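If you count by the working numbering, then the sequence shown holds residues 10 to 147, one letter each, in order.
The beta-carbon is built from N, C-alpha and C at its ideal position, and this holds for glycine as well.
Because the structure is a prediction, the values reported are computed rather than measured.
Read the structure below first, then the notes.
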Amino acid sequence: MWGAHVPVEIRVPIYTEQDIVAARQLGRAVAEQAGFVGSQLTVIATAISELARNIVTYAVSGEITISLAEQTGRRGVLILARDQGPGIQDLALAMRDGYSTSNSLGMGLPGTRRLMDEFEIASVVGEGTTVTARMWRS
10 MWGAHVPVEI
20 RVPIYTEQDI
30 VAARQLGRAV
40 AEQAGFVGSQ
50 LTVIATAISE
60 LARNIVTYAV
70 SGEITISLAE
80 QTGRRGVLIL
90 ARDQGPGIQD
100 LALAMRDGYS
110 TSNSLGMGLP
120 GTRRLMDEFE
130 IASVVGEGTT
140 VTARMWRS
């Protein structure tokens, strides 16, 4: 059974760089509750940071939801990043390493996909983007 000292679900509104830091720290706390340790915690925090940074950079505002996950006896962490920004016109292009519209390294979405066990993205131009990512304890 899950411990009681971390809420089952944490929602972090994302507007500023400080919100990125808060989401990262809260995500680590949830991941620790799920039993992740060491470098696994860093990987989860990095994924949260990348998703939150995309919200600040491209959508101005959104929300990161971090929750404990359980499926077929596995425990893990679910990260849901949502925004109501401009959406992504070409998802295939946005998921290519090195592609960026903001002069960055273009590692955010593809890097997050590689870090996590499961990764899904849905985007509608003019409505926003939702990324769902999960990491399972091994």
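- A straight line joining the alpha-carbon of Ala68 with that of Gly96 spans about 8 Å.
- A contact between stretches requires three or more CB pairs, one per stretch, nearer than 8 Å, and the stretch 18–37 meets this requirement with the stretch 71–81.
- Ile88 and Ile57 do touch by the CB rule: their CB atoms are close to 6 Å apart, below 8 Å.
- Rounded to whole angstroms, Val86 and Trp145 show a C-alpha spacing of 7 Å.
- Of the candidates Leu102, Phe45, Val30, Ile64, Phe45 places its Cα closest to the Cα of Arg84.
- Put simply, the backbone Cα of Arg91 is about 15 Å away from that of Thr121.
- Looking at the backbone, the Cα of Leu102 and that of Ile64 are separated by about 18 Å.
- For Glu41, no pairing in a beta bridge is given by DSSP.
- A direct Cα-Cα distance of roughly 34 Å separates Gln93 from Ser147.
- A residue is called buried once 16 or more other Cβ atoms fall within 10 Å of its Cβ, and Thr138 is buried on that count.
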